[in-house]
Amino acid sequence: MTIESDPSYPAHWEADVVLRDGGTARIRPITTEDAGRLVSFYEQVSDESKYYRFFAPHPRLSDRDVRRFTHHDYVDRVGLAATIGGEFIGTVRYDRIGPDGRPASEPADEAEVAFLVQDAHQGRGVASALLEHIGAVARERGIRRFAAEVLPANTKMIKVFRDVGYQQKRSFEDGSVHLTLDLEPTAESLAVQRAREQRAEAHSVQRLLAPGSVAVVGVSRSGAGVGAAALRNLRDSGFHGHLYAVNEAVERDLLDGVRAYRTIGAIGAPVDLAVIAVPAERVPDAVAACGEHGVQGLVVLSAGYGESGPAGLARQRELVRQVRSYGMRLIGPNAYGVINTAPEVELNASLTPAPMPMRGRIGLFTQSGAIGIALLSALLRRGEGLSSFVSAGNRADVSGNDILQYWYDDEATDVALMYLETLGNPRKFTRLARRTAAVKPVVVAKGGRHTPAGHVVPGIRLPEATVSALLRQAGVIRVDTVTELVDVGLLLAAQPLPAGPRIAILGNSESLGVLTYDACLAQGLRPLPPLDLTTAAAPEDFRAALAAALASEDCDAVVVTAIPWVSEHALADDLADALREAVAEVPGKPVAVVHVELGELVEALSATRGPSPTPPPPDAPDLRPRPGGTPTPTPYAPYPPVPPSAGRDASGGAAEKPPAGDRIPSYPAAERAVRALAEAVRYGQWRRGLAEGGHVPEFEDVDEAGAAAQLTGLLADVDGGAVLTLAEWDARELLARYGIAVRSALPAPSADAAVRAAGILGYPVALKTTAPHLRHRADLGGVRLDLANETELRRSYEELTEVLGKPAELQPVVQAMVPRGVDTVVRSVIDPAAGAVLSFGLAGVASELLGDTAHRLVPATDRDAAGLIRSIRAAPLLFGWRGSDPVDTPALEELLLRLSRLVDDHPEVIGVSLEPVVVAAEGLSVLSATVRVAHPPARGDLGPRTLPSY
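Structure follows, in structure tokens:
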């Protein structure tokens, strides 16, 4: 069904969802064309489920039933179906009813709801997903309550209603349970929805990273090409599951030692994950074969999609549609692959050849394959391992949000590193990142200011500085380069969080110590005077000095600096052992090492202490591929050379990293070590602040209902996509409903009018121009202050009109003077992708020019408001700079919180600018306000769970 064939068809209700077990389904409205699907679906439902649905034996649907369940007006009667492979697996419908329980139309606001889920798909969360979506549809159509009749024995359906989180009433009438659900979202219903979302999306990623069986589709017989490389990497990684090769022209049972088949359907066993490496034009056939065989997920290495132009973009969208229609998830296309170093899995379904990356505590996600190679190389060179790695290519389906959901409760991952080229859903990303960052660090390098080819996501209108501020509010550690991403990740994975910014510095070079001291100051840390151990210092001197620094109550972290010794003996191992002994003696504080030309020290500090893995016996066969007699190159480790056993244990799998306490991160420059340490300090402060909590205050004088009614009236005659800038009196009235008073400004089209206005307001007054090119530009002479009498007012009026233009052009106004203070600007703007953003800065061109503005996501807590006004560089002006009186910052925080509450309560308010807001020693005055409103989108972040569709 399309909009063209039925204009009433609500296409925006269509959605792909992730079910409880990680599979996907499509939810869409039921149409008249679904009669055959409905009958087929019903025939596969058990007699017991039919009885629970109709309260009586109902073996088959009559023609009347089929017509009733497929003909809807999408207002008073709505039916939705969950489908996989185009076939129904579950249905839900509502019928609007009146107070007597009989069919009704608007304005009746109650509807009867009923579900039916195919028995084979019960327990997958189908009914819960359908309830979320039918509830959103009902609210859109003006329905506020659902009524349902359920047999007491139908415990599964009663549980679906009970667990949804809506306010509800239950009663037992005439042998059935009568349920009434209030459809207004609550904190509990939102928490339930997001918990289900997390479990489902995390499970869908786990199915991709921990499959029991893998098939590589597109393995060449010659051993060349991407498919053959992927197969070798899976085989050589020691993958613990079943491995299959697929090539439609295969003539023998084995390819590269792996059992081979002509088609995936010929494999007489389940396949959990398929790696597809065939040309783009053959991918649809491969996907269809995988879907028919019941494959759970795909990694598509094939290129030729969105990165290749409009035709490839269309191909990419069709690929996502096809994959999801079979209930599968997709990594790619144009992906580099996935790695999971868990000892029970050891999966290397990527283009990264042996050796397998070491097993570690860092999770790594990239969109770019090239950046993924660089990051893997950097981690390997510095002796760090991974828990999991996902390089998603064009990320047409599985994205960084899904991976965050997985890492959130993945016990194998302590630190999340992400290289992102785009933020597909910034509002969801910041929500997920904030929750994840509360339990483990999330470090993000966001590349580029433009969307790369192949990444089809909504654009973000917010400046990069604003995006960075919002990420930091969510606890994300934002870095600028992939080098910083690795630097910070190494420190966080190996060391505890610092308790504060006090940094001790010690080493055998006074100059290097001074450089480190200066770097600390530049990062806002509080370094202690460097301790110079002199160039004669031995490893024992380092151990004693480090132990003493760690034991001191005056420091929170230590930076050790080291330069080469003038000695015939290599002391790197001795120094590494000495430093580790000191850390073991006084644990609990982070330590970083800055070295100059001490490569051996880097290896020693990151190496596992104890015996090396047992090498294979001399007669053991070497199964590593050597086409043409040449060893396979390792693209992610060009330098230094990697020994064959690097990253592998005796069995050939990923080697275990030493415990975090045994590893001390080292850096070749003081600035890099200090930057990583500073990020750890700031993250630790954020975590501690999170523990202290913050809350969104309630204001008893807020008139939410009155504001809603006013907005409804103002937008009654406004078209759907239009934006309305409120008249001054409407803006004042709306803001006043939330306790925000805006000072009156009376128009002064003439000097006489200005005098009359001053008589009403009382002297002294201010005379201001409000023309757009002069508004809020006191530096251009468009403002006259402290006019004490009529003579001064007339003289100023004459000067303004002589210098700047005629009154009709200047649009002058007269306003009563307010107590002197600091001029500030408070704004809120709605970004379609990121949501509502609250901004604060000082008024004036200097702040504008320097971009000295702070930002927070709405709704803001009291902690957010306090941090907002303190995070601008000019904040000291608010707190008594150079002997001036501090201003009333509590009043300013309250204003920010009231504005946050307004835009959070009413999505129709898409922009508010309060400028200037004069903050005095006591109280504040809002002198001008601009408010823009529009019809809100049908669904926001509070809507039902759905996968993005670009």
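So for the sequence shown, numbering that gives the first Met the number 0 puts the first residue at 0; every next one is plus one.
Each residue gets a CB set at the ideal place from its N, CA and C atoms; glycine is no exception.
Report buried or exposed for ASN339, applying the criterion of at least 16 other Cβ atoms within 10 angstroms of its Cβ.
-> It counts as buried.
Which first and last residues belong to the beta strand (DSSP E) in which SER390 is found?
-> Its beta strand (DSSP E) spans residues 385 to 390.
Leaving aside the five residues before and after LYS155 along the sequence, list all residues of the same chain whose C-beta is less than 7 Å from its C-beta, in chain order.
-> Excluding positions up to five away in sequence, the list reads GLN121.
Which two residues bound the contiguous beta strand (DSSP E) that contains GLN197?
-> Note, GLN197: premise wrong, no beta strand (DSSP E); alpha helix (DSSP H) at 186 to 208.
Counted within 10 angstroms of its Cβ, other Cβ atoms place HIS772 as buried (16 or more) or exposed = Here HIS772 is exposed: its Cβ has fewer than 16 other Cβ atoms, across all protein chains shown, within 10 Å.
From which residue to which residue does the beta strand (DSSP E) around LEU766 run?
-> Note, LEU766: beta strand (DSSP E), 764 to 768.
Compare the C-alpha of PHE68 against each of GLY84, LYS49 and VAL91 and name the closest.
-> The option with the nearest alpha carbon to PHE68 is VAL91.
N- and C-terminal bounds of the alpha helix (DSSP H) containing THR929 | Here THR929 belongs to no alpha helix (DSSP H); instead the beta strand (DSSP E) covers 928 to 932.
Could you pull out every residue in the same chain whose Cβ sits closer than 6 Å to the Cβ of GLY100, ignoring the five residues on either side in sequence?
-> If the five residues before and after GLY100 are omitted, its C-beta is found closer than 6 Å to no C-beta atom of its own chain.
Please classify GLU187: is it buried, with 16 or more other beta-carbons within 10 angstroms of its beta-carbon, or exposed?
-> So GLU187 counts as exposed.
Can you find at least 3 beta carbon pairs, one from the segment 27 to 35 and one from the segment 68 to 81, that sit closer than 8 Å?
-> The answer is yes - the segment 68 to 81 touches the segment 27 to 35, with three or more Cβ pairs under 8 Å.
Same chain, Cβ closer than 7 Å to ARG52, five either side skipped, listed in chain order | The residues ALA113 and LEU115, in chain order, have a CB closer than 7 Å to that of ARG52 in the same chain once the five nearest residues on each side in sequence are set aside.
For ALA492, the nearest candidate out of LEU363, GLY523, ALA721 and VAL225 (CA to CA) = Of LEU363, GLY523, ALA721 and VAL225, the residue nearest in Cα terms is LEU363.
Contained alpha helix (DSSP H) runs [length at least 4] in the segment 770 to 816, N- to C-terminal order | The qualifying runs are 789 to 803 and 806 to 809.
Determine the closest residue to PHE966 out of SER883, GLU148, HIS132 and SER236, with distance taken between C-alpha atoms.
-> Since the first and last residues shown for the chain are 0 and 949, residue 966 lies out of range.
Could you give the C-beta distance for ALA865 and GLU892, rounded to a whole number, given that I count them as a contact under 8 Å?
-> The Cβ separation is near 6 Å, so the contact holds.
Would you say LYS427 and PRO497 are within 9 Å of each other, going by their C-beta atoms?
-> It is not a contact, given that the beta carbons lie outside the stated cut-off.
Within 9 Å, strictly: CB atoms of ASP118 and VAL38 | Cβ atoms of ASP118 and VAL38: not closer than 9 Å.
Who pairs with HIS241 in a beta bridge, going by DSSP?
-> Paired residue(s): SER212.
Buried or exposed: which applies to ILE759, given that a residue is buried once 16 or more other Cβ atoms fall within 10 Å of its Cβ?
-> With a threshold of 16 other beta carbon atoms within 10 Å, ILE759 falls short and is exposed.
Identify the continuous beta strand (DSSP E) that holds ALA444 and give its terminal residues.
-> For ALA444, the enclosing beta strand (DSSP E) begins and ends at 441 to 445.
Report the option in LEU233, ASP20, VAL294 and ILE370 whose CA atom is closest to the CA atom of PRO267.
-> At residue 267 the sequence reads Gly, which differs from the Pro that was named. For GLY267, the nearest C-alpha among the options comes from VAL294.
Tell me, which residues are paired with MET355 by DSSP?
-> DSSP, once it has assigned bridges, lists no residue as partnering MET355.
Exposure of PRO278, with buried meaning 16 or more beta-carbon neighbours within 10 Å = By the 10 Å Cβ count, PRO278 comes out exposed.
On the premise that SER127 lies in contact with ARG195, defined as a C-beta separation below 8 Å, what is that separation, rounded to the nearest angstrom?
-> Rounded to whole angstroms, the Cβ separation of ARG195 and SER127 is 6 Å, and the two are in contact under 8 Å.
Got a sec, what are the start and stop residues for the beta strand (DSSP E) ARG27 sits in?
-> It spans 23 to 28 - the beta strand (DSSP E) in which ARG27 sits, taken as one unbroken run.
Does the segment 235 to 246 come within contact of the segment 342 to 350, defined as at least 3 CB pairs closer than 8 Å?
-> In short, these stretches touch, since the Cβ pair count reaches three.
For ASP785, count neighbouring C-beta atoms within 10 Å of its own C-beta (all shown protein chains included) and say buried if the count is 16 or more, exposed if not.
-> The residue is exposed, with fewer than 16 neighbouring Cβ atoms inside 10 Å.
For LEU520 versus CYS554, is the C-beta distance shorter than 9 Å?
-> Contact check for LEU520 against CYS554 fails: the beta carbons are separated by 9 Å or more.
Rank PRO151, VAL216 and GLY21 by C-alpha distance to the C-alpha of HIS202 and give the top, closest one.
-> Of PRO151, VAL216 and GLY21, the smallest CA-CA separation from HIS202 is found for GLY21.
Taking the continuous alpha helix (DSSP H) assigned at PRO425, which residues delimit it?
-> First-last of the alpha helix (DSSP H) with PRO425: 425 to 436.
At least 3 beta-carbon pairs within less than 8 Å: the segment 727 to 746 vs the segment 886 to 902 | Result yes; three or more Cβ-Cβ pairs closer than 8 Å.
For SER924 and GLY882, the rounded distance between their alpha carbons = Between GLY882 and SER924, the C-alpha separation is close to 23 Å.
Does DSSP put MET156 in a helix, a strand or coil?
-> Note: MET156 maps to helix in three-state DSSP.
Own chain, CB closer than 7 Å to GLU921, minus 5 neighbours either side, in chain order = Correct list, in chain order: ASP887.
C-alpha distance - THR412 paired with SER349, whole-angstrom precision = Spanning the two alpha carbons is a distance of roughly 20 Å.
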